[in-house]
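Worksheet: one structure, shown below.
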Amino acid sequence: MSPHSSKRTDDPAQFPDGLAQELLNYSRGVSDVKTPKEVLDGLHAITSKRLQLNAFAAIRFPERATDWDALELGKTVLLHDSTPKGW
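14 is the number of the first residue of the sequence shown in the working numbering; add one for each residue after it.
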(Lines of atoms letter the chains of each structure in order from A and count residues from 1; the text may use other names and numbers.)
(Lines give C-alpha, C1' and ligand atoms only; values in the text may rest on other atoms or scores of the structure.)
Protein backbone atom coordinates (compact mmCIF):
# COMPACT_ATOMS: atom_id res chain seq x y z
CA MET A 1 0.00 0.00 0.00
CA SER A 2 1.32 3.44 -0.88
CA PRO A 3 2.15 5.75 2.07
CA HIS A 4 -0.14 8.30 0.41
CA SER A 5 -3.09 5.94 0.15
CA SER A 6 -6.24 6.85 2.07
CA LYS A 7 -7.44 3.25 2.33
CA ARG A 8 -8.10 2.04 5.85
CA THR A 9 -5.71 -0.58 7.18
CA ASP A 10 -5.93 -2.90 10.16
CA ASP A 11 -2.14 -3.05 10.40
CA PRO A 12 -1.31 -1.69 13.90
CA ALA A 13 1.94 -0.24 12.54
CA GLN A 14 -0.10 2.13 10.35
CA PHE A 15 -1.98 5.23 11.45
CA PRO A 16 -5.77 4.95 11.20
CA ASP A 17 -7.27 7.19 8.52
CA GLY A 18 -6.93 10.85 9.40
CA LEU A 19 -5.18 10.32 12.75
CA ALA A 20 -1.85 11.83 11.73
CA GLN A 21 -3.57 14.92 10.31
CA GLU A 22 -5.82 15.27 13.36
CA LEU A 23 -2.82 15.06 15.73
CA LEU A 24 -0.90 17.57 13.61
CA ASN A 25 -3.83 20.00 13.62
CA TYR A 26 -4.20 19.53 17.39
CA SER A 27 -0.50 20.22 18.00
CA ARG A 28 -0.71 23.44 15.97
CA GLY A 29 -3.47 24.83 18.17
CA VAL A 30 -2.45 23.44 21.55
CA SER A 31 -0.60 26.63 22.52
CA ASP A 32 -3.93 28.50 22.35
CA VAL A 33 -5.59 26.53 25.15
CA LYS A 34 -5.86 28.13 28.57
CA THR A 35 -5.30 25.23 30.99
CA PRO A 36 -3.40 21.95 31.17
CA LYS A 37 -6.79 20.24 31.57
CA GLU A 38 -7.81 21.51 28.13
CA VAL A 39 -4.62 20.06 26.65
CA LEU A 40 -5.27 16.65 28.19
CA ASP A 41 -8.98 16.74 27.28
CA GLY A 42 -8.11 17.49 23.64
CA LEU A 43 -5.57 14.69 23.41
CA HIS A 44 -7.98 12.28 25.13
CA ALA A 45 -10.73 13.18 22.65
CA ILE A 46 -8.50 12.26 19.72
CA THR A 47 -6.91 9.10 21.11
CA SER A 48 -10.06 7.65 22.64
CA LYS A 49 -12.02 8.16 19.42
CA ARG A 50 -9.33 7.10 16.95
CA LEU A 51 -7.39 4.45 18.86
CA GLN A 52 -9.74 3.42 21.68
CA LEU A 53 -6.84 4.56 23.89
CA ASN A 54 -7.63 6.77 26.87
CA ALA A 55 -5.21 9.55 27.79
CA PHE A 56 -5.37 9.18 31.57
CA ALA A 57 -2.42 11.36 32.51
CA ALA A 58 0.14 13.88 31.38
CA ILE A 59 3.42 14.32 33.21
CA ARG A 60 6.08 16.99 33.05
CA PHE A 61 9.19 15.13 34.09
CA PRO A 62 11.83 16.93 36.16
CA GLU A 63 15.10 18.04 34.57
CA ARG A 64 16.99 15.62 36.79
CA ALA A 65 15.66 12.11 36.30
CA THR A 66 16.15 11.32 39.99
CA ASP A 67 14.19 14.35 41.28
CA TRP A 68 10.93 12.51 42.00
CA ASP A 69 10.00 15.07 44.66
CA ALA A 70 9.45 17.57 41.82
CA LEU A 71 6.36 15.61 40.70
CA GLU A 72 3.19 17.19 42.12
CA LEU A 73 -0.33 16.04 41.42
CA GLY A 74 -2.24 18.90 39.80
CA LYS A 75 0.93 20.77 38.89
CA THR A 76 3.36 18.49 37.06
CA VAL A 77 1.19 15.35 37.09
CA LEU A 78 -2.25 15.87 35.57
CA LEU A 79 -4.98 13.23 35.60
CA HIS A 80 -7.85 13.18 33.12
CA ASP A 81 -11.37 13.25 34.59
CA SER A 82 -11.97 9.72 33.28
CA THR A 83 -8.97 8.28 35.14
CA PRO A 84 -10.16 5.51 37.50
CA LYS A 85 -10.00 6.42 41.19
CA GLY A 86 -6.85 5.18 42.86
CA TRP A 87 -4.91 5.02 39.62
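Quick reminder that beta carbons are idealized off the backbone N, C-alpha and C, glycines included.
All values reported here derive from a predicted model rather than from experimental measurement.
The residues V90, in chain order, have a CB closer than 6 Å to that of L84 in the same chain once the five nearest residues on each side in sequence are set aside. Taking C-beta separations shorter than 8 Å and ignoring five residues to either side along the sequence, the partners of V43 in its chain run V52, G55, following chain order.
In this structure, E76 keeps its C-beta atom at 8 Å or more from the C-beta atom of I59.
Distance between V46 and T79, taken at the CA atoms: about 30 Å. Across the structure, L92 and N38 are spaced so that their CA atoms are roughly 23 Å apart. Take the alpha-carbon of P49 and the one of I72: they are about 10 Å apart.
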